[in-house]
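> Note that the UniProt record's numbering has the sequence shown beginning at 1, numbered continuously upward.
Note that CB positions come from ideal geometry on N, CA and C, so glycine has one too.
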Amino acid sequence: MNNEILQIISAGINKNPQKVINYSKRLSAYYKDNGNQRFSQKIDKLLDESNLNTVSLDSLKVKPFDKDSHLDIVDVKIPTLFNDNKNLYFSQSVEEEVEDFIQSYRLRNKLMDQNIYFNNNLLLYGPPGSGKTSLATYISNKTNLPLITAKLDSIVSSLLGSTAKNIRKLFEYADSQPCILFLDEFDVLAKNRDDSHELGELKRVVNSLLQNIDSFSNSSILIAATNTPSLLDNAVWRRFDTKIELKLPDRMIRKELVREYLSDFSNNIISNDKQMDILCDIFEGETPANIQNIIVSAIKKCIIHNKNSVLFTDILYECLIHKYGSHLEYSNSVLYLRNYGVTQKDISETLDISVRQVRNVLKEEINNAK
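Printed below as a string of structure tokens:
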């Protein structure tokens, strides 16, 4: 509540009526939820009597753009109930940190009333495809906050001074109402200012970024993500109280991911412990994104070829393509599939070759081994 009042005062001083409306609506909801129905109705009446548009999401419709390229510098995604049902598939420690972060946001007014400092800034780091964007979307759905994703290709300008101006536009836009501002590939903007290979423009960009982070509303959430945390400026690093490393999935998580991505299409893999164990072994070292792409690609091909069920062989073959490309000799593919116990008939159907060709390859392999 205290923060909403401060935001309304700030918006009034800066003559930002839409921001006044957005935070006043949240203040009204707060009083209504806490039993002060009469005061909530008074706020709503003032809003209704105003000549301004009181639809909170209207403030997000007119997106900021780069002055030189005229390209939007943000994408906006509104949370949905459907996406809210999507599960998290990370280690237990990561899931606990995420839930604690979400809960601290929900209880921010209570924390402020107790004079407890809190920081709604979250830094995610880990290899590409480890789930940073998915996690930002998950938090958006859990908090019911719009997800504003910065488009760095539009923000970073070749013209001197324009990048810092675009950063200011970005934060002003995100500050118009409670939201999640997501800065992916964060190291592009927040690179270490001590880097001797960088020009003076970098220092201006990082300084602008720091100033905007410091003044960003506590009613919103800032999520930054990077594959290379070692490149971040130390001052930027200190702005994030919560830092979560997303690692490659362990065996248990890999099994959960395989089960999740196969659950919506007919298959006999999930119920086969041996096949599940083999896939978990094959997927070791892969990111969740790669695991999803492999399984979805196999399902897609089944649908295209009018197959009612995805087979273990279909997944294995997509793993082979992912690892070695699609230009392998069919003989190598035969040996790969046979190594995992696939029958000659299933190999024939998967590779679209005759059973005789399969047998010839296997016979030649036996002869070479003698």
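1) From the DSSP output, read off the bridge partner residues of Y125.
2) Would I148 and N166 be called neighbours here (beta carbons separated by less than 9 Å)?
3) Under 9 Å, do D273 and A298 count as touching if we go by C-beta distance?
4) If you reduce the DSSP assignment to three classes, tell me which class V55 lands in.
5) Just verifying my parser: in three-state terms, what is the DSSP assignment at K110?
6) Using 9 Å as the threshold, is the C-beta distance between Y125 and L279 below it?
7) How many Å lie between V361 and G325 at the Cα?
8) Taking C-beta to C-beta, are R106 and F118 nearer than 9 Å?
9) Report yes or no: do the segment 326 to 335 and the segment 285 to 302 share at least 3 C-beta pairs separated by less than 8 Å?
10) For D250 and S69, which I take to be in contact (beta-carbon distance under 8 Å), what is that distance rounded to the nearest angstrom?
11) What's the call for T228, buried or exposed, on a 16-neighbour Cβ count within 10 Å?
12) Looking at the structure shown, is L257 part of a helix, part of a strand, or coil, going by DSSP?
13) Just reading off the alpha helix (DSSP H) that V236 is part of, what are its end residues?
14) Taking 6 Å as the limit between beta carbons, can you name the residues of its chain near residue 378, skipping five residues before and five after?
15) Contact check, L337 vs I347 under 8 Å by CB: the rounded distance?
16) From the DSSP output, in three-state form, read off L181 for me.
17) Is it buried or exposed, L46, if we count other Cβ atoms within 10 angstroms and call 16 or more buried?
18) Could you tell me which of T226, D233, A225 and E201 sits nearest to L210, measuring between CA atoms?
19) For L147, report the span of its beta strand (DSSP E) as first-last.
20) Output yes or no for whether 9 Å exceeds the beta carbon distance between F216 and L189.
21) Since D314 is in the alpha helix (DSSP H), which residue starts that stretch and which ends it?
22) Of the residues I43, E99, S130 and V98, which one's Cα is nearest the Cα of T287?
23) Suppose contacts are defined by Cβ-Cβ distances below 9 Å. Is D72 in contact with P79 by that definition?
24) Just to check my reading of the structure: L60 and P178 have Cβ atoms closer than 8 Å, yes? What is that Cβ distance to the nearest angstrom?
25) With DSSP as the reference, label N367 as helix, strand or coil.
26) Under the DSSP definition of a beta bridge, which residues are partnered with K191?
27) Which term fits V55, buried or exposed, when burial requires 16 or more other beta carbons within 10 angstroms of its beta carbon?
28) Let's test the definition: count the other Cβ atoms within 10 Å of the Cβ of I366 and tell me whether it reaches 16, buried, or not, exposed.
29) Is D75 helix, strand or coil when you go by DSSP?
30) Let me check understanding here. Comparing Cα to Cα, which of E256, D100 and E284 lies closest to T143?
31) Among K323, A225, K307 and V355, whose alpha-carbon lies nearest the alpha-carbon of F265?
32) Rounded to a whole number of angstroms, what is the C-alpha to C-alpha distance between M276 and N87?
33) Using a Cβ-Cβ cut-off of 6 Å (strictly less than) and excluding sequence neighbours within five positions of S28, which residues of its own chain qualify?
34) With distances taken Cα to Cα, identify the nearest neighbour of R168 among V74, D241, N120 and I139.
35) Could you give the C-beta distance for I223 and R239, rounded to a whole number, given that I count them as a contact under 8 Å?
36) Any idea if R254 is buried or exposed, counting beta-carbon neighbours within 10 angstroms, 16 or more meaning buried?
Short version:
1) T226 and E245
2) no
3) no
4) Because the pLDDT of V55 is 40, which lies under 50, any placement of that residue in the model is unreliable, and the question is left without a value.
5) helix
6) no
7) Looking at the backbone, the Cα of V361 and that of G325 are separated by about 20 Å.
8) no
9) no
10) No, D250 and S69 are not in contact; Cβ-Cβ is about 43 Å, not under 8 Å.
11) Burial call: exposed.
12) helix
13) N234 to R238
14) The first residue shown for the chain is 1 and the last is 370, placing residue 378 beyond what the model contains.
15) 5 Å
16) strand
17) exposed
18) D233
19) L147 to A150
20) no
21) F312 to Y324
22) S130
23) no
24) L60 to P178, Cβ: 11 Å. No contact.
25) helix
26) L232
27) Summary for V55: the model assigns pLDDT 40, below 50, so the residue's position carries little reliability, and this model does not support an answer.
28) exposed
29) strand
30) D100
31) K307
32) M276 and N87: Cα-Cα distance of roughly 20 Å.
33) S40, I43 and D44
34) Per the C-alpha coordinates, the member of V74, D241, N120 and I139 positioned closest to R168 is V74.
35) Going by Cβ atoms, the distance from I223 to R239 rounds to 12 Å, so no, they are not a contact pair.
36) buried
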